[in-house]
Structures are given as structure tokens and as C-alpha cells.
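Residue numbers -22 to -1, 1 to 418, in mature numbering (1 follows the signal peptide of the UniProt record, and there is no 0), belong to the letters of the sequence shown in order. Here a beta-carbon is modelled for each residue, glycine too, at the ideal position from N, C-alpha and C. Reviewing the structure listed below.
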Amino acid sequence: MSVSTYMSRRQVLIGASATALAATLAACGSSDKKEGKSGEAVGQGDASQVDVVTWWQAGSEKDGLEALVKVFNAQFPKTKFANKAIAGGGGSQAKQKLAADLSAGNPPDTYQAHAGAELKDDIDAGYLQDVSKLYDEFKLKDAFPKTLMERLTVDGAIYSVPSNIHRNNVVWASVSVLKAAGLDPAKPAQTIDAWISDMEKIKAAGYTPITMGMAWTQMGLFESVLIADLGAEKYSGLFDGTTDWAGAEVTKAVEHYAKIVSFTDKSLYTEDWEPAIKPIMEGKAAYNVMGDWAVAGFNAAKKTAGTDYVYFPVPGTKGIFDFLADSFTLPEKAKHPGGAKNWLSCISSKEGQVAFNTVKGSIPARTDLTDEEKKKFSEYQRSAMEDFSKDTIVSSIAHGAALPAKASNAMGDALSKFAQGASDAKALQKALAEAYKAAQ
Ligand code: BGC
């Protein structure tokens, strides 16, 4: 069912099914700001190089970037790719450095961000160029699904180009641990309460029931519990003011979350996603909730789906796809705007998207893949493509689709404080409500 809603002021759509879109797109109107502030056409200028900031700096994420760069070098041999990747999953370090560089007027030529509300502050500050002309030039408007185009469109303008789509609400589980606890890996729990009772059994069998790492991974787990307890429509209402962050439904989700946190291993709270998911790969812990870049991690560790691990939607969220998309910008004051244009062309091309996404664990943002091209993807990825086409789509908080960076950062801080025992469930809910309010 449709869960179409708008963010106040900037009209960033945060939740909609594919059926509710025509009116929305019409309402976006057209922009009179189709050119960079310099007055030059978008992406004109120095193409000798492109400085690209991502956080795909290690492991399977680096492998994905390398696969993309290979295509880039073949497509644009005269543009030198300069890798400015900054370590830290979820952009935990990159975002701070980017904020400082942007405010100092020293942007890279392009940087990784997420489709949706996350870019609001950068757009409002005038840091980004409207790249909608490139969508016309590269013929992208029909290549991407409408749900994605809505999240990219702000007052009729578009400020980034997506390379892929990820899903956040996925549980990755160790087959050997589930079996040792007497659970059937093929029959996962269907509700949060049933999942918690499975965690009790896993604990009793002597294993860590669930792991989580640093703040953004905690946010990924928490938002999945919110989706399970509120359902798609009320969850999406949290971002347009129609669902109250201080209300009883959120209280229930916070209480469920508190119980789940009590099963985690504290020593992992400062770790990135890879060390936090490793105990699942090693058969030491049962569950980890992580975006589906995790499948690339399991592949890189030579683990087999079905035998070593299983994956399933977070209990209570079946039929809901907690969406995020990596999306690249073209900042005002980029030193190599021509290089940035070439990068945006490559990442949005079919060739670039197939090469990158097969390695990265994500699915292409483009929907015009042939059956032959789809066959290049893993079984998990083909199931994600199928789910994306039929599930209800909601926006991830942890990965920038749902809320401006200011709000999701403050929520991450509140979750971190809670996990460390420095606040209780009541204080956590209050802090979440305040973080939402402060960003309006
Ligand atoms: C990005 C993914 C990345 C993940 C972990 C997310 O915010 O969208 O591309 O794999 O963070 O670093």
C-alpha cells in the first residue's frame, strides 16, 4: 500500500510505493536553476582528473570500487581517477571531513552521499549543482525507478546520481549456531517477540545471540525494529510529523530494542560493520542486522549461503524494503567539473552499474537490465531485485534516505549513549524525538 509522504519545506519524498507517483512527480514541477552558479553548463571544464571521495576504502567495498574504476578507465582514458576514499563504514569518518572541506570551499570533484534527505543541508548551503541536465543528456530519467527519482528530486531539481540500491533490514545468521540452539535456519521468526524468544534459546546454548557495532550499525538495527513494530506507513510517518516520536508505538519499539541490545556483546560497540559481523561468519554468534553490502563480505570470506549462513528480512518486516542508494554529487567549485561529469556518466551507465553492483552486493539503480545481465548477479541479489520491484519501499534513517544528516547523527549519538548504559529507554525515546524536532 502507498505510504506517500513529504518532508516539510524541501518536499523530499520519503516513502512511497511505485503506484503513488504520477501526482507527486507533477507536483515537483520544473526548476529554473538548471546550471551551476558560475553560469557555465553543468560538467563543463577540466576533465583531466576526477577526485572521488567515498568510504569504500577496504574489503569488499574496495573491491566494488575497483571494479567500477576499471570500467571508468576504459570509458574515459583521458580522465585520471584520483581515489580519495576515507576509511569508516557508513561514512562515519568521511562525512565529517566532507563537511569541513565543503564549508571551507574546498570540495572534491564528486563525493558519495545517499539519495534522499541526507543532502538537504548541503543543498540548502548552496554547495551542490543541480545535475538534472545530465539526467537528460545521459537519458537517465526513465532508467531509474520512480521511487528512486522521487527521493532524488528536491523542488524539481536533482543534486546527485545514484550508482546502486541497498536494503538495510536484513538479518544475517549463522547456520551452525542456530542448529546448536535447536532452531531451524530455514524457518526464521516472523515477529520481534518470537525473534527475542529465539535469542533466549541461543543464549542458553552458550552463544552470543546478536551482534552490533558502532553507532550507525546500531541505528540500522533500531530502525528495523521500528519498521517491524510500526509497519511501513506509520514508520514513514515519523519523517513528516504524522507519527509521533514520543508516542506509544515508538515506546514499544524502544522496549523491544532494549531487550535485543541486552543480548549483544559490548566489546563490539566501537567496531565497524565487518568486525561486528565476523562472529556470525565464525560460528560464534547467531544474528547480525546489516545492509546487504554484507553479502559481499560473506562472498569475500568464501562463505556459502544456505550452508554457512542464511539471510531473511528482520522479523516483522517481510514485504518491506528498507531502502537506501549511494549517490554521487557535483559540488559547486569542483576543480575538475568535466572529470566529475565523466564519473557521473560512468556510475550511471549500464556497464558501470553491472560491474560495480555484482561485486558490491547491491542491486543496480537502473531497471533496464536484460535477463542475461541479471544472471551475473548472486542468488541473494536476484532476490533483492525481485523484492525491490514488489515490496513496500521505506527510507533508511541510518543511511541518509529518511532524515537530514543532522537528525540521523543526533539519533546515532543517542543510541550509542543508550548502548553504553549512559541513558535508559525513556531518555533514549526523548532524545530521538528531540533530534527529529531540531532538524525541522
Ligand atoms: C553505504 C554502503 C556501504 C555501507 C557500509 C552505507 O552507508 O551506502 O555503500 O557499503 O555504508 O560502509
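The three-state reading of DSSP puts ASN335 in helix, counting H, G and I together. The shortest CA-to-CA distance from LEU393 to any of ALA362, VAL232 and SER367 is the one to VAL232. Nearest Cα to ALA278 within the set THR285, GLY339 and SER305: GLY339.
For the pair ALA254 and THR189, the CB atoms are nearer than the 8 Å cut-off.
Of the residues VAL30, ILE180 and GLN53, the one whose Cα lies closest to the Cα of LYS262 is ILE180. According to DSSP, TYR265 shares a beta bridge with ALA151 and ILE188. Judged by the Cβ position, LEU406 fails to qualify as a neighbour of the ligand BGC at the 7 Å threshold, every heavy atom of the ligand being at least this far.
Contact between the segment 321 to 340 and the segment 44 to 53 is present: 3 or more CB-CB pairs across the two stretches fall below 8 Å. Assigned with DSSP and collapsed to three states, TYR247 falls in coil, not helix or strand. A direct Cα-Cα distance of roughly 12 Å separates ILE101 from ALA383.
Remark: C-beta atoms of PHE290 and PRO166 approach each other more closely than 8 Å. Counting along the chain, the unbroken beta strand (DSSP E) around SER305 starts and ends at 304 to 306. Excluding residues up to 5 positions away in sequence, ALA63 and ALA65 lie with their Cβ nearer than 6 Å to the Cβ of GLN35 in the same chain. A residue is called buried once 16 or more other Cβ atoms fall within 10 Å of its Cβ, and THR32 is buried on that count.
Taking 8 Å as the cut-off, the beta carbon of ALA303 is found no closer than this to the beta carbon of PRO187.
ALA264 is a Cβ neighbour of VAL155, given a cutoff of 8 Å. Look at GLN74 here: in three-state DSSP terms it is helix.
For ALA72, the closest of PRO55, HIS92, GLY225 and THR125 by C-alpha to C-alpha distance is HIS92.
Its Cα nearest to that of SER373, the residue ILE205 stands out among LYS56, SER401 and ILE205. Counting along the chain, ASN320 sits inside no beta strand (DSSP E); it lies in the alpha helix (DSSP H) bounded by residues 315 to 326.
For TRP33, the shortest C-beta to heavy atom distance toward the ligand BGC is below 7 Å.
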